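In what follows, a single structure is set out as structure tokens and then discussed.
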Ligand code: ZN
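Residue numbers (this note's numbering): 515 to 881.
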């Protein structure tokens, strides 16, 4: 019997290697799925140190839905050993992406001095045609292929040592449909100025890893890669592209989400649930409220105004995956007859502007 079990175990184990995917717990919102994405990474086909399929494996394990391999067109330090063309990285990764259910966006990184700096072009058709002497010819070619353009790491110190500058050339690109998005976060760096540009100019915002080494060598000791959240009609390349052109993204890094309140509000709303309706608050009596947070973010709340007929905590942390209890107490005679109570908070780790947090109202049924 023991022998039989070990034979069965051996057969099962030798069928393949196991891997675990960690889902990213950020909810879908009404009418949209929340796709978790990283649109900037490298393999040995440019200056990265891993094979393209490893990027897909890593993405699957990290709970991502869509990625892009953005090999530099102009910078290929392994070209003595890797002699293939500019489409090869995508072609190698694609079958694995399909098997894993990861959307693989065909892409490249046009890599020039400032201006214009480095631009990712997504949804390209033939990357070989992007190898051009003149940068404008390369960008025009990408435009003809219907590409979505992202200005990568606009605040990168190597190219912008003193200040973060938007050059005339960027206006030219923007006016001619060759600048649709910007990275407000790259690898481990956040650019608040660029977030403001995005708001002023209606640019789509991104947070990408720009990873070159194996992902676990870049993000260590509990660090996580930055993620772009795309709010798409469904999980398909077509919907993904549409959503990007319509600015339907937010960024997620270091436990913070940044983006328009029309995305952040429903994310917050769908993450939390009052567990003990109705709470039954009465005058001069303290009552417990229990709120569950099913997302993976700890929400840090600070009250923005006093309650109407009630006292409630000035500060509150709704821990990820936990139910938090706190007390509300009635401070007016008629409170026992009020059907609904409202708690007014800002969420200190949800950002709608570089200097402004999301305001929320938490409704608690009283009767
Ligand atoms: Zn890059």
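Beta carbons: idealized from backbone N, C-alpha and C, even for Gly. The model shown is predicted, which means the values in this text are computed figures rather than measured ones.
Residues 557, 558, 728 of the same chain have their beta carbon placed closer than 7 Å to that of residue 564, with the five preceding and five following residues left out of the count.
Contact holds between the region 664 to 682 and the region 694 to 706, because three or more Cβ pairs, one in each stretch, are under 8 Å apart. Remark: C-beta atoms of residue 749 and residue 580 approach each other more closely than 9 Å. Residue nearest to residue 732 within the set 609, 572, 635, 648 is 572 (criterion: CA-CA distance).
The beta carbon of residue 632 sits closer than 8 Å to at least one heavy atom of the ligand ZN.
In chain order, 854, 856 place their CB closer than 7 Å to the CB of residue 877, counting only its own chain and leaving out the 5 sequence neighbours on each side.
For residue 569, the secondary structure class from DSSP, reduced to helix, strand or coil, is helix. Here the alpha carbons of residue 577 and residue 645 stand approximately 33 Å from one another. In this structure, the straight-line span from the alpha carbon of residue 753 to that of residue 662 is close to 13 Å. Separation of residue 782 and residue 859 (C-alpha to C-alpha, rounded to the nearest whole angstrom) is 12 Å.
A direct Cα-to-Cα measurement between residue 616 and residue 570 gives close to 7 Å. Annotation for residue 798: 843, 844, 845 place their beta carbon closer than 8 Å to its own, counting only its chain and skipping 5 residues before and after. For residue 708, the enclosing alpha helix (DSSP H) begins and ends at 706 to 715. Separation of residue 552 and residue 723 (C-alpha to C-alpha, rounded to the nearest whole angstrom) is 7 Å. Per DSSP, the beta-bridge partners of residue 582 are 619. A direct Cα-Cα distance of roughly 20 Å separates residue 691 from residue 679. Using a cutoff of 8 Å, the CB of residue 724 counts as near the ligand ZN, since one of the ligand's heavy atoms is closer than that. When the alpha-carbon of residue 847 is set against those of 824, 861, 775, 768, the nearest one is in 824. Excluding the 5 residues flanking it on each side, residue 620 has same chain C-beta neighbours closer than 6 Å at 604, 638, in chain order. Going by beta carbons, residue 833 and residue 807 fall inside the 9 Å limit. Around the beta carbon of residue 705, a 10 Å sphere encloses 16 or more other beta carbons of the protein chains shown; the residue is thus reported as buried. Note that the C-beta distance between residue 623 and residue 587 is below 9 Å. Within the region 835 to 864, the complete beta strand (DSSP E) runs of at least 3 residues fall at 837 to 844. Annotation for residue 531 indicates a beta carbon at 8 Å or more from all heavy atoms of the ligand ZN. Here residue 604 carries a helix assignment [DSSP, helix/strand/coil].
At a threshold of 8 Å, residue 537 does not count as near the ligand ZN, since its beta carbon sits no closer than that to any of the ligand's heavy atoms. In terms of Cβ geometry, residue 785 and residue 541 form a close pair [threshold 9 Å]. DSSP places residue 732 in no beta strand (DSSP E) but in the uninterrupted alpha helix (DSSP H) bounded by 729 to 732. Under DSSP, the beta-bridge partners assigned to residue 773 are 764. In the structure shown, residue 684 falls within a helical segment according to DSSP collapsed to helix, strand and coil.
In the assembly as shown, residue 589 is an exposed residue. Its beta-carbon has fewer than 16 other beta-carbons within 10 Å. Comparing alpha carbon positions, the residue from 738, 716, 735 closest to residue 689 is 716.
Straight-line measurement puts the Cα of residue 755 at about 21 Å from the Cα of residue 613. Per DSSP, residue 746 lies in no alpha helix (DSSP H) segment; the continuous beta strand (DSSP E) that holds it begins and ends at 741 to 746. In the DSSP annotation of this structure, the continuous segment of the beta strand (DSSP E) that includes residue 699 starts and ends at 695 to 700.
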